[in-house]
Amino acid sequence: MLHFNRPAVLSIVLALASQGVCAEIINLATPSSSLVLDATEGEALKILYYGSPLTQGDLDNLQQSPDLHHNAYPVYGINPQAEAALSVTHADGNRTTDVEVTGVSRSQSDGAETTTVSTRDKVYPLYVDICYRVRPGYDVIETWAEIRNMEKGPVTLNRFMSGYLPIRYGNVWMSSLYGSWANETQLTEEPLPHGVRMIKNKDGLRNSHTAHAEVMFSLDGKPMENSGRVIGAALCYPGNYKLFVDTDDTDFHHFFAGINEENSEYHLKKGETFTTPELALTYSAEGLSGASRNFHRWGRDNRLHAGDKERKILLNSWEGVYFDINEEGMYGMMEDIAGMGGELFVMDDGWFGVKYPRDVDNSSLGDWTVDTRKLPNGIDGLLAAARRNGISFGIWIEPEMTNTVSELYEKHPEYIIKAAGRPVVKGRGGTQLVLDMANPKVQDLVFEVVDTLMTKYPDIDYIKWDANAPIMEHGSQYLTADNQSHMYIDYHKGFVKTLDRIRAAHPDVTIQACASGGGRANWGVLPWFDEFWTSDNNDALQRIYMQWGTSYFFPAIAMASHISAAPNHQTFRRIPAKFRADVAMSGRLGLEMQPRDMNDEDRAVCARAITDYKQIRPIVQLGDLYRLQSPFDKKGVASLMYVTPEKDDAVFFWWKTETFMNQQLPRIPMAGLDADKRYRVTELNRIDNEPLPCEGKVYSGSYLMANGLEMPLTHKVDYHKNSDYSSRVLRLTEMTND
Ligand code: GLA
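Right under this line is the structure:
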């Protein structure tokens, strides 16, 4: 339950009448945090504090420690040795900016309150509004800047960060995510070094393979999951970004986050406004898991498309048949997933292209017409088959792309990203090209891809929207020569504009953001997408690590997690179906395989997992996450749990991550339960011949949180079913006295 019994924004206006200035202390208060600003007219906006809630006395005292006050949005030029959030070249060539507060205003929208501190350069008519949005009941503050040029001519924005935060020097550790294709969201934890620690992306499109635009700062030393003070930051942007911490010789780490300005200086015409993406900040005194829960709740309710709607259990065709799409095969897969209790079938790549059929990955993107050689009854036939099976139907597209071998490219070579005067650079399949989303005609085209599909086939329930190329050369054929530096940013402006149109026309279709696996797991796309593809790697063991990292910032409802075949297609590891199911069930469950290749035993495990998942789906997808034992700690086991907000129902996941004879594993205390409640334990997905000793027993929440439950190292199964994998899923249901 969320409690919110204080006003979202409490401010004190101290009118220093004698001096004719207005000093306003702004306390942006959320249920468990406060961000305090000093907006004194005629001075730069200052940030005084970000941390646990303040009493009035504490708030008053803050104002008396000016040494700790930093500019809330530092600008470049005066004292140029310090890092800045904003750097501008004015119309006359002057590179200094010096802003002062001119006023504070507040506006309400959808229950949220936005506080805008207006600042203006002391000499130039350049206006910088620094904005903070607080949503009642949520422990996240969104901040961004709006830069307006009223000078005589264009100004150039050399740097334009979304936000800045000073963090007091001490024993501060940073947790962030790194990785690569098929190895996304690996966790790194490090004490903040002196100098600059930077996290960046320059892919152009897929901004979450090699690094993530989100970080956590643990203020009390080595990060802990369920205790300690943590500041979390998530940049809500789908394009190139830069997050960095500059630890200089002061008592502070200086954290900046925003669009990566490299090769992207922005020319702002007279009268134009540049709005940065939002930076979402959270503070928690309940460790990393607490900060994650803050992001999850805020995101599900305010930022993730349809974040309150449980997701369907699906079968995706990709690893089952790859490009070998045909009617019989699709119909068979639909029957199979329906037979196992699934609710949706998604036909992946390979269904389109008439002049150039999409048989492999080297042609046809852009030619979104059904290949009737493969599917004689077209999408209508597939929808009818889905209906017969009582399930929904979804389809794969990659609308921002084309290939040199395609009808689209033959007609519109001017639509692609390409540097002038050079041969075009090609990607996947030796032919893939990126369309230039800065071009309004391309925006129309991409809108029409979705709109035509949805208008012709309104029963399509789900779209997997892929993007399998980076921007491979710097060149927009649409932008003028002097605005080529706008290419990356205008791409995303066009992308978002198109998504707005799509959602206005088709609010109900579920859309997955896929980008060569987990390349688009970011809060920048999730207002329009219902989920993201976490990784092209479905190996359950490696997924424990990747999903752990992903859960730092993203809720399980958005994290697509599929049971795939054994041996796994990426790692070739053979993992028993039970373990594969137990891992997939901790996210948005799906299947990604050819069900006909499964033996009866595995099929039964998957069908059972689907049935059991339906029971726990609301807890996993809409509940609160408590991470318990990190796989990255290499203790041989990883564990986490989800608890309903009412704390009357929970699911505990436990996976052994390595196997040695007589190994010693820690027993895992639980978290997030109500100490005073009693919970009955039921094992889900059970394969053992005998129940666990705790099966059906009732434990107090306080016992479970102090001690956890003993988990045996292995499963008690018939000899031929023994394996080196072991995992458990336990449901904990509150026992009432009646
Ligand atoms: C990407 C996606 C895969 C699959 C293929 C299809 O690699 O990540 O899931 O859709 O494209 O070509």
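If you read the sequence shown in numbering that gives the first Met the number 0, its first letter stands for residue 0, the second for the next number, and so on.
For every residue, glycine included, the Cβ atom is placed at its ideal position computed from N, Cα and C.
Given Lys720 as reference, the closest of Ala305, Arg158, Ile686, Arg730 once Cα atoms are compared: Ile686
Are the beta-carbon atoms of Ile556 and Arg299 separated by less than 8 angstroms? yes
With DSSP run on the structure shown, which of helix, strand or coil describes Asn4? Caution is warranted here: a pLDDT of 33 is assigned to Asn4, below 50, making its placement in the model unreliable, and no coordinate value can be reported.
In angstroms with no decimal places, state the Cα-to-Cα distance between His69 and Met640. 39 angstroms
Does DSSP put Glu577 in a helix, a strand or coil? Strictly speaking, residue 577 in this sequence is Lys, with Glu absent from that position. In the structure shown, Lys577 sits in a helix (DSSP, three-state: H, G or I).
Whole-angstrom distance between Ala520 and Gly535, CA atom to CA atom: Looking at the sequence shown, residue 535 is not Gly but Asp. Answer to the nearest angstrom: the Cα atoms are 13 angstroms apart.
Among Ile146, Asp59, Met223, which residue has its Cα nearest to the Cα of Met160? Ile146
Under a Cβ-count criterion, where at least 16 other Cβ atoms within 10 Å of its own Cβ denotes burial, should Asp360 be classed as buried or exposed? buried
Terminal residues of the alpha helix (DSSP H) in which Ser291 lies: 286 to 301
Give the DSSP bridge partners of Ala742, in chain order. The structure shown does not extend to residue 742, since the chain spans only 0 to 737, so no value can be given for it.
Relative to the ligand GLA, is the shortest distance from any of its heavy atoms to the C-beta of Cys21 smaller than 7 angstroms? no
Residues that Asp623 bridges to, as DSSP identifies them: Val642
Here's a check: name, in chain order, each residue in its chain whose Cβ is nearer than 6 angstroms to the Cβ of Asp465, leaving out the five neighbours to either side. Glu397, Cys513
Residues of its chain near Tyr612, where Cβ-Cβ distance is below 7 angstroms and the 5 sequence neighbours each way are ignored: Ile312, Met584, Leu588
Measuring CB atoms only, is the region 274 to 294 touching the region 220 to 230, in the sense that at least three cross pairs come out at less than 8 angstroms? yes
How would you write the range of the beta strand (DSSP E) that Ile686 sits in, first residue to last? Segment: none, Ile686 is in no beta strand (DSSP E) and carries neither H nor E.
Verify whether the separation of the beta carbon atoms of Arg626 and Ser550 is less than 8 angstroms. yes
Apart from the five residues on each side of it in sequence, which residues of its chain come closer than 8 angstroms, Cβ to Cβ, to Met149? Pro124, Leu125, Tyr126, Lys269, Gly270
Among Asp723, Ile390, Gly162, Ile510, the one whose alpha carbon lies nearest that of Met558: Ile510
List the residues that DSSP assigns as beta-bridge partners of Gln628. Ser638
Out of Asn688, Gly635, Met669, state which residue places its alpha-carbon closest to the alpha-carbon of Gln663. Gly635
How would you write the range of the beta strand (DSSP E) that Ala564 sits in, first residue to last? Segment: none, Ala564 is in no beta strand (DSSP E) and carries neither H nor E.
Residues near Leu47 by beta carbon distance below 6 angstroms, same chain, minus five either side: Val35, Asp37, Leu61, His68
Rounded distance between the beta-carbons of Asn402 and Gly428, thought under 8 angstroms: 7 angstroms
Check each candidate in Glu591, Thr430, Arg607, Pro135 and name the one with the smallest Cα separation from Ala28. Pro135
Contacting residues, own chain, Cβ-Cβ under 6 angstroms from Gly319 (five flanking each side not counted): Met592, Gln593
Expressed to the nearest angstrom, what Euclidean distance is found between the alpha-carbon atoms of Phe294 and Glu406? 43 angstroms
Does Ser86 pass the burial test, meaning 16 or more other C-beta atoms within 10 Å, or should it be called exposed? buried
DSSP beta-bridge partners for Arg587? Ala559
Would you grab the beta carbon distance between Ser179 and Thr187 for me? Rounded to a whole angstrom, and I think it's under 8 angstroms. That pair is no contact at about 13 angstroms.
Taking Tyr330 as the reference, give the member of Ala674, Arg595, Lys45, Ala637 with the closest Cα. Arg595
Straight-line gap, Asp219 to Trp172 (C-alpha atoms, nearest Å): 8 angstroms
Segment limits, alpha helix (DSSP H) that includes Asn762: Because residue 762 is not part of the residues shown, which for the chain are 0 to 737, the question remains open.
Within 10 angstroms of the Cβ of Met669, are there 16 or more other Cβ atoms? Answer buried if so, exposed if not. buried
Using a Cβ-Cβ cut-off of 7 angstroms (strictly less than) and excluding sequence neighbours within five positions of Pro526, which residues of its own chain qualify? Arg302, His304
Distance between beta carbons of Val345 and Gly393, contact taken as under 8 angstroms: 4 angstroms
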